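Residue numbers (this note's numbering): 2 to 188. For every residue, glycine included, the Cβ atom is placed at its ideal position computed from N, Cα and C. Please read all numbers here as calculations on a predicted model, not as lab measurements. Structure first, commentary second.
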């Protein structure tokens, strides 16, 4: 929202107590508004808003035809929003998973390596009995390992997914593709 929009829409949102500027880094917004948490704890609506903004920025980065700079700028906004969510709830594995996916989406080797740490944190914070989420995290991390040409780790993750869900056809295809593009003899 622009400041003028915020004043006009204050009637529509009686509990409106802060402005989130999409151009401002999320950590700065959290720092500026941290004193509010003493009087008004962060509501689930705030978290939902940050999640929606992150998803919108990520979707904007996936539009065909935009140049690399626009894509990276959209991904940076999405990552800032997820960073703010992690600041609010550092034990939520979904936030780490999203940040890992967004960082890896930048497409360069350094960011893919950086995203591995977030995948590891997502696995660490994921409930042990949530096989679907563990499978998703391992699946995404396996793809990232394959993209950085760490085929052994990719294969480990793909095999771990297949232990959780033996009928996962996407992983079977990715594993077959991995076998086809490597010269090593995997068993």
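Thinking C-alpha only, which one of the options is nearest residue i?
{"i": "residue 100", "options": "176, 77, 159 and 68", "result": "77"}
{"i": "residue 124", "options": "137, 173, 110 and 62", "result": "137"}
{"i": "residue 63", "options": "156, 119 and 79", "result": "79"}
{"i": "residue 97", "options": "132, 121, 109 and 171", "result": "121"}
{"i": "residue 130", "options": "105, 115, 165 and 119", "result": "165"}
{"i": "residue 118", "options": "107, 142, 132 and 109", "result": "142"}
{"i": "residue 75", "options": "152, 50, 107 and 92", "result": "107"}
{"i": "residue 169", "options": "182, 132 and 147", "result": "132"}
Within a Cβ cutoff of 8 Å, which residues of the same chain sit near residue i, ignoring the five residues on either side of it in sequence?
{"i": "residue 28", "result": "For residue 28, the pLDDT reaches just 45, beneath the cut-off of 50, and the residue's location in the model is therefore unreliable, leaving the point undetermined."}
{"i": "residue 52", "result": "82 and 86"}
{"i": "residue 42", "result": "Here the model assigns residue 42 a pLDDT of 41, short of 50, so the residue's position is not dependable and the matter cannot be decided."}
{"i": "residue 90", "result": "48 and 96"}
{"i": "residue 110", "result": "149"}
What does a CB cutoff of less than 6 Å around residue i pick up in its chain, not counting 5 residues either side in sequence?
{"i": "residue 55", "result": "79, 82 and 83"}
{"i": "residue 139", "result": "158, 161 and 162"}
{"i": "residue 72", "result": "62"}
{"i": "residue 58", "result": "75, 78 and 79"}
{"i": "residue 70", "result": "none"}
{"i": "residue 92", "result": "126"}
{"i": "residue 60", "result": "none"}
{"i": "residue 183", "result": "152"}
Within 10 angstroms of the Cβ of residue i, are there 16 or more other Cβ atoms? Answer buried if so, exposed if not.
{"i": "residue 150", "result": "exposed"}
{"i": "residue 105", "result": "buried"}
{"i": "residue 177", "result": "exposed"}
{"i": "residue 145", "result": "buried"}
{"i": "residue 65", "result": "exposed"}
{"i": "residue 156", "result": "buried"}
{"i": "residue 174", "result": "exposed"}
{"i": "residue 50", "result": "exposed"}
{"i": "residue 181", "result": "exposed"}
Using C-beta distances below 7 Å, list every residue in its chain close to residue i, excluding the 5 sequence neighbours before and after it, in chain order.
{"i": "residue 134", "result": "94 and 127"}
{"i": "residue 172", "result": "140, 159, 162 and 163"}
{"i": "residue 116", "result": "101, 104, 105 and 145"}
{"i": "residue 112", "result": "104 and 105"}
{"i": "residue 68", "result": "none"}
{"i": "residue 154", "result": "146"}
Practice prompt. Pick out the complete alpha helix (DSSP H) segments inside the stretch 91-130, 4 residues or longer, and give them in chain order.
Written response: 94-105 and 110-126
Worksheet item: Can you give, in chain order, each stretch of the alpha helix (DSSP H) that sits fully within the stretch 128-168 and has at least 4 residues?
Response: 132-148 and 152-165
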